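These notes concern the structure reproduced below.
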């Protein structure tokens, strides 16, 4: 049974559970369980916290919407809306194939992967300012030099022998 509501000043606490009885299970159902029934649950608090003992949250076929998402202790912001702090990332499909898409809005924009030291870019790989696929490198993070380019329109490839140095006059 729940312990009811406790109020102190402006704080209200409602405890639902079994009071810590060993081997007990607490199930709380909110909303209709009838097929086709709809509903909305609104949580009007700035923070929702799960206890350390929560190791899995099941959401079969759920669509999640979030403006900012930080995982592994990372903090998302208006520029890095997805931020992950982890030693490795795995994208896996047990089926026949897998695809990850990096999309840009127009030909002159970038669709890039940036490799950085101390958040200062040192290498860029992708569609950098055009629809040609290229690798660009920088000795100090200020100017980038094209190391490899594969032209989309002519299918030609080029390799720069002066990587990380400005071209000779």
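In my numbering, the protein residues as written are -13 to 155.
Just so it is clear, CB atoms sit at the ideal spot from N, CA and C, and this is done for glycine as well.
None of the values given here were measured: they were computed from a predicted structure.
With respect to the 8 Å criterion, residue 110 and residue 97 are not classified as neighbours on the basis of their beta carbons. Assigned with DSSP and collapsed to three states, residue 130 falls in coil, not helix or strand.
Within the same chain, Cβ atoms closer than 8 Å to the Cβ of residue 112 are found at 88, 96, 97, 98, 99, 119 and 120, the five residues on either side in sequence being excluded. Per DSSP, the continuous beta strand (DSSP E) segment holding residue 143 begins and ends at 143 to 145.
Cβ neighbours of residue 61 within its own chain (closer than 8 Å, five residues either side excluded): 69.
Annotated three-state conformation of residue 1 is strand, per DSSP. Residue 77: not part of any beta strand (DSSP E); DSSP gives it neither H nor E.
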